[in-house]
Every structure is written in structure tokens, then in C-alpha cells.
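Asks: Quick one: this structure, given as C-alpha cells, is what I'll be asking you about.
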Amino acid sequence: MKFRSTRQLEESIEFCQALERGIAPDGGLYVPVCFPEFATRDFDGAERLDDVAEVLLEPFLQGSGLLPELGAICQEAFSFPTPLRMLESDGKRLFVLELFHGPTAAFKDVGARFLAACFQRLNREDPRPLTILVATSGDTGGAVAAAFHGRVGTRVVVLFPRGLVSARQEKQLTCWGGNVHALRVAGNFDDCQGMVKQAFADAELCRRTRLSSANSINLGRLLPQSAYYAASSLVHWREHGELLNFVVPTGNLGNGLACVWARAMGLPIGKIVFATNANRPIPEYLATGQWTPGPSVATLASAMDVGNPSNMERLRDLLPDIESVRGAVSAYSVDDDAIRSQIARDFHRRGETWCPHTATAASVYDGLPESMRDGSWALVATAHPAKFETIVEPLIGQPVPVPASLAGLLDMPSHVQDVAASLDELKQVIEKK
Ligand SMILES: *Cc1c(COP(=O)(O)O)cnc(C)c1O
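Numbering-wise, the sequence shown is residues 4 to 436 according to this note's numbering.
Right, dumping it as C-alpha cells:
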């Protein structure tokens, strides 16, 4: 399978190259030149998530040097469960797809672990370690650090703004040590991102070292996310013989697009609804047909604070005109008040504790017109509520139990270096042996 840029100005390339490049040289994003078409019986015998992932991803790796290792890559990446848990069964069926049972308790663990398992196997003959640079405002850096920690031949340098991430987030960035270097930058997130950009623009540095990034537009993070939509819709199909509809909390649209791609490949998925916070370009596009990205607005569902979702370019590549987008997906936005009241209400009414991102999906589902709520629905739960305890606990009036994986990280000692917001300090860390 080949991949081409959404801007179509480049030759198409195979999977490994798309992973290494991240973004296409013409500024576009890589998409498959075509999608494989599956029937549900193609997955007969594939029960576990890693087995489903292997069947689903195999066509994409055809022609790439990683194909023989796909089984091992899937076993490493999909090593934690993504259960589809029933919430309600009276009349309508309502489920929650829990994607937060990985090492850092958020769905980004899936993509980060798949990318790390691939990266570790690329260019193994090069003696220089592969250095992954990540600037993070919180969640992504932890997932990437966890995914690469202990992988031979790789290093992660993660930059985060001092005083601007929560205590628990900071712990998830600094607890690793070993091949993970956590830099606490005297600056804000834009300064951290600026340092990473300057490092990639430094031709001398790029020649001497093997630098790469792990940002969310990388195909190696996006594609594996289709696997949990495939696996959960298949479980539901085998049991009930019906399509499963999804409400996906959406920021940069990586998770939502993975669901659209899974359906495009023939998986038994019905309606797809994107739930956004007060950052509204996607719902506004569906309502008005105008694409009006803008600066991001800070909300309680902070990992979805994206004013210009990059994966929109991939969605519009698949669905080039507004009518086809409207036929394929819907999108609704909820504000912070709705997030707060949903967390409190579902705790009392359903006994469920949501993180603020998952609460956007629950709120959007409850607001869907009755006619649309027919059939079976799954709310996609993107993070464990214990990651956002300072928001959630006051709303439910009690502590959120911390899952074992997260508790383990919080007990580990911190390894962190304070640096100024300057390229020189970053270069010293990168070039230190
Ligand atoms: C990143 C993130 C999202 C948004 O996912 P996108 O792929 O950017 O749309 C939602 N919830 C949580 C917890 C996240 O970390």
C-alpha cells in the first residue's frame, strides 16, 4: 500500500517512509491511496484486539519492511484491553468504549505504543540512537514517554512548560528516567514547541543526530486507532447483528477520523458523531459549510482545546464536499457548564464518573434528537477521570480511585532537568552521550 499527501504535490511513498516523515514535504498529511475493503467474516477467528489489529493493518504494511513484524508490533502496542461495557439495555442499548486502561490512562497510549514499536524497528543498523522530540502541554508527552521508555536504540526528550501542567501530569512526564529526558522549560507551551521547531530547522544538528517527532498527525499514531473501532464494532455485531454508532470526543480529530476510516473499510459501524468542547470549528463547518479555524479557547476538556484541527484536512480529502461530510458525520459542541453538569448528573444518575473529555460525549449523546438515538450507541471514553481529579472530585463530592497503573507512576521518583527556553540548552541535552 502506498500513501500520498493530501495536497497531492508529492510522489506516493510506503508506510515506513510516511512514518519517518510525519508530515509530507508539501505540508500535507499522509493518507492511504485507497482503503482496503473488509467483510465482517474476514475477521473470523480474530477475537482479541491485537488479532483484529493485525488483520486490519496488514494491507497498509504490504510492500513495507515492517510487514513481517506486524504481529509482534500489534502484540506490543495492543497489550491492554479496550472493553465495550454496557451502560443501559432497556429499549436502547448504550455502551461505553473504555480506551483508558493503558500505562498513562488515556487513549493516546494506543497510537504512541504502535508508533514506538514501529520506530524501534526502523533503521536498526544505524548506530546513532533515534531521538524523539516532543513538546507537550500535558497528555501527549506522557503517552509518548511511556511508549518509548526502555526501548533499545531510542531516546525521548520531552519538553513541558514549568508550572503549567498539573501535578499528576508532571509526574507522568518525569517518572521515567533511563532513555527519557524530561525538560521543564522556563516558558509556556509555545516556547516548548518553538524549541522543537528550531531543533528540526537546525541542519547541522539534524545531520549529526537522528531526530524524529511523534506528533499526532503521524500516520503511525492515527491508523492503529482504527483497530479499537473495528474490534468493538465486531464484538457488538457478533452479539447483536447490528451496527454500532459512536460518539467520539474530538479535538484534533485523530480519534474521530480513525472511526470514519474504520467504517470506510467496511467495519459494522453506523452513525458517527463528533463531540467538541467550546472549540467549535467542526460543528460550525457542518452547520454553515464554512471552514473557519481560529485560535483555541481554554476549556475543562483541555486535551481537546484545538482551534484548527489538523485532521480536518484528511477528512475533507476522503469527503471532498460539504454534503458528503454531512451525510457521513455529525458534530455538536458543549460548553464547560454542560461538562460540569454532565459529570455531576451521570455520577448520581448512572453511578459513572467521566473525565471532562468523556463528559462531552455523554452530554452530546443526551442531547441528540430522539429519532437519532435509535439503535446501539457507544460513548468513547478517552481518559480515566483520575487524571483530571481537580475538576472531577469537587463535582462528585468524593475522591476518584486511582487505577493501579497510574498509581504506580505517581509513586516513582522524578527525573527532571530545568532549562531556559533556548535552543542551546536543548542541543546540549540532545548531543550528550
Ligand atoms: C487528545 C485527547 C482527545 C482528543 O483527541 P483527538 O484525536 O485530538 O481528537 C480527547 N480526550 C483526551 C483525553 C485526549 O487526550
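Backbone N, C-alpha and C fix where the C-beta goes; we use that ideal spot for every residue, glycine too.
Could you tell me if the beta carbon of LEU441 falls within a distance shorter than 7 Å of some heavy atom in ligand 1?
Replies: There is no way to answer for residue 441, as the model of the chain reaches only from 4 to 436.
Asks: Give a single yes or no on whether VAL309 has its beta carbon closer than 7 Å to a heavy atom of ligand 1.
Replies: By 1-based counting over the sequence shown, the position of residue 309 is 306. Indeed, a heavy atom of ligand 1 lies less than 7 Å from the Cβ.
Asks: Take the Cβ of LYS435 as the centre, count every other Cβ of all protein chains shown within 10 Å, and call the residue buried at 16 or more, exposed below.
Replies: Stepping through the sequence shown from its first residue, residue 435 is reached at position 432. Counting Cβ neighbours within 10 Å, LYS435 comes out exposed, since fewer than 16 surround it.
Asks: Per DSSP, MET89 forms a beta bridge with which residues?
Replies: Counting from one through the sequence shown, the residue named residue 89 turns up at place 86. DSSP, once it has assigned bridges, lists PHE98 as partnering MET89.
Asks: When you compare only the Cα positions, how much space is there between SER425 and ALA301?
Replies: Along the sequence shown, one-based indexing puts residue 425 at 422. Along the sequence shown, one-based indexing puts residue 301 at 298. Cα-Cα distance, rounded: 26 Å.
Asks: Answer with buried or exposed for MET375, where buried requires no fewer than 16 other C-beta atoms within 10 angstroms of its C-beta.
Replies: Taking the sequence shown and counting its residues from 1, the one referred to as residue 375 is at position 372. Exposed: under 16 other Cβ atoms inside 10 Å.
Asks: Following a CB-centred definition, is HIS104 positioned closer than 7 Å to any heavy atom of ligand 1?
Replies: Here residue 104 refers to the residue found at position 101 of the sequence shown. Incorrect: HIS104 has no Cβ contact closer than 7 Å to ligand 1.
Asks: What did DSSP end up calling PRO35 once you bin it into helix, strand or coil?
Replies: As a working note, residue 35 is residue 32 in the sequence shown. It is a strand residue.
Asks: Do you know offhand how far PRO86's Cα is from LYS111's?
Replies: As a working mapping, residue 86 is identified with position 83 in the sequence shown. As a working mapping, residue 111 is identified with position 108 in the sequence shown. Near 16 Å, if we compare the C-alpha coordinates of LYS111 and PRO86.
Asks: Specify whether the region 231 to 244 and the region 194 to 209 touch according to this definition: at least 3 beta carbon pairs, one from each stretch, less than 8 Å apart.
Replies: As far as the Cβ criterion goes, the region 231 to 244 does not touch the region 194 to 209, which means the pair count is below three.
Asks: Which runs of the alpha helix (DSSP H) at least 4 residues long sit entirely within the region 226 to 283? Give them in chain order.
Replies: Complete alpha helix (DSSP H) runs here, min 4: 229 to 243 and 257 to 267.
Asks: Classify THR134 as helix, strand or coil using the three-state DSSP reduction.
Replies: Here residue 134 is taken as the residue at index 131 of the sequence shown, counted from 1. Residue state, collapsed to three classes: strand.
Asks: Using 7 Å as the cut-off, classify the Cβ of ALA306 as near or not near the heavy atoms of ligand 1, replying yes or no.
Replies: For the purposes of this step, residue 306 is taken as the residue at position 303 of the sequence shown. Yes, the beta carbon of ALA306 sits closer than 7 Å to at least one heavy atom of ligand 1.
Asks: My guess is that ALA304 and ILE342 are in contact by the Cβ rule of under 8 Å, so how many angstroms apart are they, rounded?
Replies: As a working mapping, residue 304 is identified with position 301 in the sequence shown. As a working mapping, residue 342 is identified with position 339 in the sequence shown. Contact holds; Cβ gap of about 6 Å.
Asks: Taking Cβ to Cβ, would you say ALA115 is nearer than 8 Å to ALA386?
Replies: Here residue 115 is taken as the residue at index 112 of the sequence shown, counted from 1. Here residue 386 is taken as the residue at index 383 of the sequence shown, counted from 1. Result no, Cβ atoms of ALA115 and ALA386 do not sit closer than 8 Å.
Asks: How big is the Cα-Cα spacing for LEU32 and SER299?
Replies: Counting from 1 along the sequence shown, the entry for residue 32 is found at position 29. Counting from 1 along the sequence shown, the entry for residue 299 is found at position 296. For LEU32 and SER299, the distance between alpha carbons rounds to 21 Å.
Asks: Please report the Cβ distance between VAL250 and ALA347, rounded to the nearest whole angstrom; I am assuming they are in contact, meaning their Cβ atoms lie under 8 Å.
Replies: Taking the sequence shown and counting its residues from 1, the one referred to as residue 250 is at position 247. Taking the sequence shown and counting its residues from 1, the one referred to as residue 347 is at position 344. With a Cβ gap of about 19 Å, VAL250 and ALA347 do not count as contacting.
Asks: For VAL159, which residues does DSSP report across the bridge?
Replies: Position 156 of the sequence shown holds residue 159. Note: VAL159 sits in a beta bridge opposite ILE135 and VAL183.
Asks: Would ASN314 pass as a contact of PRO296 if the rule is Cβ separation under 8 Å?
Replies: Here residue 314 is taken as the residue at index 311 of the sequence shown, counted from 1. Here residue 296 is taken as the residue at index 293 of the sequence shown, counted from 1. No. Outside cutoff.
Asks: With distances taken from CA atoms, which of ARG131, GLY156 and PRO359 is nearest ARG210?
Replies: Locating residue 210 in the sequence shown gives position 207, where the first residue counts as 1. Nearest option by C-alpha distance: ARG131.
Asks: When the Cα atoms are used, what is the spatial distance from PHE41 to LEU413?
Replies: Stepping through the sequence shown from its first residue, residue 41 is reached at position 38. Stepping through the sequence shown from its first residue, residue 413 is reached at position 410. Cα-Cα distance, rounded: 42 Å.
Asks: Run through the DSSP bridge pairs and tell me what ILE325 is partnered with.
Replies: Taking the sequence shown and counting its residues from 1, one reaches residue 325 at position 322. Partner(s): none; ILE325 has no beta bridge.
Asks: Looking only at its own chain, which residues have a Cβ that is under 8 Å from the Cβ of LEU398, when we skip the five neighbours before and after it?
Replies: By one-based count along the sequence shown, residue 398 stands at place 395. Closer than 8 Å at Cβ, skipping near neighbours: ARG343, ILE346, ALA347 and PHE350.
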